[in-house]
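Some notes on the structure that comes next.
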Amino acid sequence: MSTQKPLDSSSPQAALLIGALGVVYGDIGTSPLYTMKVALSGTSSPDVEHILGMLSMLFWMLILVVSLKYVTCILRADNRGEGGTLALMELAMRGRPGKVRWRLAVLGLMGAALFYGDSMITPAISVLSAVEGIGIVSHRLDAWVVPIAVVVLLALFMVQSRGTGTVGRLFGPVMLVWFLVLGALGAWRVTEQLQVLQAINPIWALRFIGDAPWETFLALGALVLALTGAEALYADMGHFGGPTIRRAWFALVLPALVLCYFGQGALLLSDPSAIRNPFFLLAPDWGLIPLVGLATVATVIASQSVISGAFSVTRQAVQLGYWPRMVIQHTSAREEGQIYLPRVNWLLLLAVLVLTLAFGSSDSLAHAYGFAVTGTMLMTSLLAFAVLPRASRGVRRVAWLALITLFLLIDVLLFTSNTLKLHEGGWLPLVVGIVLLTLMVTWKQGRQRIHDTLAGDHQPLVSFMESLEAYPPTRVPGTAVFMSMIVGTVPPALLHNLKHNKVLHEQALFLTIEVADEPYVPFDERVRVERVSRSSWQATARWGFKQEPNVPQVVEQIAQEVQDLNLEPMQTSYFLSRQTVIVVRRLPWHQSWRRHLFAFMARNASRTTRFYKIPPNRVVEMGMQMEL
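If you read the sequence shown in numbering that gives the first Met the number 0, its first letter stands for residue 0, the second for the next number, and so on.
Below, the structure written as structure tokens:
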């Protein structure tokens with residue numbers, strides 16, 4: 000007899016599993032609210048073959064795309080334990096040559112840009128689909144659906160600045176109740192129509208495809224709604240780990256979702272008129288109002304997941320140099336991942352409210368939703384094609400190639416099916432994606448151009464400092480920390496200080512901040528210091544793309560490693576170059592519009608002192624103009 004203790008809610012493993020339910024599975028867990036209704040919306044009275052064929056396709060999409068692709072395979076493509084489109088992009092780019100590296104970067108940025116479209120649509124469609132349940136209670140309440148949804152969304156975004164730590168503790172238990180209710184309602188309806196279980200047989204899906212191939216292709220654009228949130232499995236891997244995510248999926252989430260979808264199918268077999276809202280009609284009359292309340296709470300949790308995801312993706316983009324510096328506020332003293340970005344939050348709120356008011360129902364938003372989801376999934380598969388087979392040899396490599404080719408084929412079918420709905424709302428995430436991709440590429444290329452210009456104009460640091468040691472200017476007490484963009488070159492701030500102030504501090508530290516292609520850099524590997532001359536040092540500090548640079552912290556670390564260097568806070572001054580981008584007006588507009596765009600982004604970036612957490616009263620900024 001086994002002596003293993005049963006899993007209780009107080010054990011760390013149980014806490015992780017319940018936490019994963021709230022953070023990872025909020026989005027995909029609320030998909031039953033609208034998937035079957037949208038998939039069968041074109042059929043006023045679906046027959047047995049139609050219902051079983053749709054259910055069979057939906058079931059096998061959950062198995063192939065979520066269970067096999069994401070849970071089993073993609074979770075293996077981790078970047079030091081972290082997942083997500085940008086983490087996978089950095090992993091794919093590692094060790095690649097220039098042109099291939101840039102193509103992979105564009106794929107990753109496209110996936111990230113489409114994720115923002117997902118982050119805009121998920122709160123709107125989820126909350127609308129939940130509140131629409133009041134229309135089942137009484138059609139007289141239909142007019143209140145949009146106003147109530149707007150109030151819920153306003154409340155959700157307004158509390159973001161307070162952090163999700165306290166509320167987040169409730170997410171897991173609430174979603175546990177949600178999945179148990181989904182499974183129970185579905186199982187109850189399945190027992191009334193056991194023939195619905197035939198849909199597990201893939202023959203029904205193949206027969207449906209053979210009888211109506213074009214209708215099947217169109218149906219894929221709706222059935223993909225059952226897969227929304229699959230990217231969250233990968234993106235949130237760093238929070239919970241692959242094993243926890245897999246256990247939660249196979250032990251609870253997948254069975255609950257399958258039972259709920261099959262329960263809706265059983266209900267439609269008994270009562271085809273239930274097509275008007277097969278999810279809420281699963282419940283008995285007495286349970287309808289509580290189910291609407293529970294669904295509303297569950298959709299708020301699903302919305303919170305994508306909002307937090309948008310914050311995280313933006314921070315990664317900033318750290319990797321694809322987005323201007325932004326104000327990042329920590330909402331927890333213990334959890335580094337709990338952050339709040341004011342600009343992102345209010346822009347998302349504005350976009351979500353516009354979508355809610357413009358589309359007015361979950362059915363109308365479903366077409367736009369599918370395009371964003373399938374686009375992100377396709378980018379993930381393309382990047383995985385560049386990562387997973389590379390780490391294997393022989394038969395294992397062939398197996399990976401075959402699997403990812405299968406995933407690509409499925410993703411292409413899902414994506415192309417949704418492109419047919421561009422005119423019905425799919426254009427929205429496409430436009431958002433193109434705009435954001437343009438902004439990110441413009442910022443990256445603009446920064447690279449400035450870097451190349453500075454590298455071409457700068458003098459070697461060692462020879463310059465040795466000349467200053469031989470013919471020293473007036474030396475003043477204290478230590479100057481010069482923030483340098485390029486290692487081993489003289490920073491503009493030093494030249495401006497010598498030119499205008501005609502002095503040099505007794506000691507000088509040249510500090511360059513770099514971002515690694517991995518999520519976290521250990522503390523003991525963060526700093527590398529070299530002596531340049533008798534009174535100057537060059538230091539390079541590296542942070543991971545999920546960490547935030549903290550210059551005073553790294554200066555304190557350097558002080559502990561280099562005993563000769565005086566870095567007492569009251570005797571240390573920071574010198575920075577504040578670059579003002581000037582656009583050359585000789586070029587015609589069609590050749591210079593991206594330069595104007597970059598200049599606009601540069602003007603609105605957060606100040607260097609705030610981003611690097613440097614005390615403003617210890618900073619001297621030296622202005623310089625850069626022509627583009």
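Just so it is clear, CB atoms sit at the ideal spot from N, CA and C, and this is done for glycine as well.
The structure displayed is predicted, hence computed values, not measured ones.
| Query | Result |
| --- | --- |
| Which runs of the alpha helix (DSSP H), 4 residues or longer, sit entirely within the stretch 116-181? | 133-136, 144-157 |
| Below 8 Å CB to CB, which residues in the same chain sit around P323 once its five sequence neighbours on both sides are set aside? | V317, W442, M600, A601, N603, A604, S605 |
| According to the Cβ coordinates, are F178 and A19 closer than 8 Å? | no |
| Under DSSP, the alpha helix (DSSP H) around A250 begins and ends at which residues? | First-last for A250: undefined, no H or E at that position. |
| Determine the direct distance from the alpha carbon of L256 to that of L181, and round the result to whole angstroms. | 7 Å |
| Should K4 go down as buried or exposed, given a rule of 16 or more other Cβ atoms within 10 Å for buried? | Unreliable positioning characterises K4 in this predicted model, as indicated by a pLDDT of 37, which lies under 50. A coordinate reading is not provided. |
| Rounded to whole angstroms, what's the CA-CA distance from M88 to V502? Just pull it up for me. | 46 Å |
| Would you call the CB atoms of A492 and L575 closer than 8 Å? | yes |
| In three-state DSSP terms, what is W638? | Any question about residue 638 goes unanswered here, given that the chain covers just 0 to 627. |
| Given that a residue counts as buried once 16 or more other Cβ atoms are within 10 Å of its Cβ, and exposed if not, what is I403? | buried |
| Report the three-state DSSP secondary structure of E71 (helix, strand or coil). | Rather than Glu, the amino acid found at residue 71 in this sequence is Thr. It is helical. |
| Opposite I512 in the DSSP bridges: which residues? | A540 |
| What is the DSSP secondary structure of T478, counted as helix, strand or coil? | strand |
| Is DSSP giving A211 helix, strand or coil here? | coil |
| Distance cutoff 8 Å, beta carbons only. Does A297 sit that close to anything in chain D? | Of the chains in the structure shown, none is chain D; there is only one protein chain. |
| Between L74, D451, F358, L382, which lies nearest to G425 when the distance is taken from Cα to Cα? | F358 |
| Give a yes or no on whether the C-beta atoms belonging to T488 and E513 are separated by under 8 Å. | no |
| In its own chain, which residues sit with a C-beta less than 8 Å from the C-beta of L356, not counting the 5 before and 5 after it? | V145, V149 |
| Is the beta carbon of L381 sitting closer than 8 Å to the one on W399? | no |
| Identify, in the order they occur along the chain, each residue of the same chain with its Cβ nearer than 8 Å to the Cβ of T313, setting aside the five sequence neighbours on each side. | W322, M325, L340, V343 |
| Considering just the uninterrupted stretch of the beta strand (DSSP E) at M484, what are its terminal residues? | M484 -> no beta strand (DSSP E), and no H or E assigned at all. |
| Quick check on F574: does DSSP put it in helix, strand or coil? | strand |
| Am I right that K545 and E81 are in contact with their C-beta atoms under 8 Å? What's the rounded C-beta distance? | 6 Å |
| With three or more beta-carbon pairs closer than 8 Å as the criterion, would you say the stretch 272-292 touches the stretch 67-74? | no |
| Go ahead and pull the three-state DSSP assignment for I17. | helix |
| If you count every other CB in all the chains shown that lies within 10 Å of the CB of M645, and 16 or more means buried, which is it? | Absent from the structure is residue 645, since the part of the chain shown begins at 0 and ends at 627. |
| Identify the continuous beta strand (DSSP E) that holds S532 and give its terminal residues. | 526-532 |
| Considering Cα atoms alone, identify which of L175, A229, G308 is closest to A250. | L175 |
| Which of the three DSSP states, helix, strand or coil, is assigned to Y321? | coil |
| With distances taken between CB atoms, is the gap from G477 to H499 smaller than 8 Å? | no |
| Is DSSP giving N549 helix, strand or coil here? | coil |
| Report all residues from its chain with a CB closer than 6 Å to the CB of A14; omit the five preceding and five following residues, and keep chain order. | none |
| Sort P242, Y33, V23 by Cα distance to L232 and report the nearest one. | V23 |
| Secondary structure at Q328, three-state DSSP: helix, strand or coil? | strand |
| Buried or exposed for H422, going by 16 or more other Cβ atoms inside 10 Å? | exposed |
| Between T415, V195, G543, T579, which has its C-alpha nearest L258's C-alpha? | V195 |
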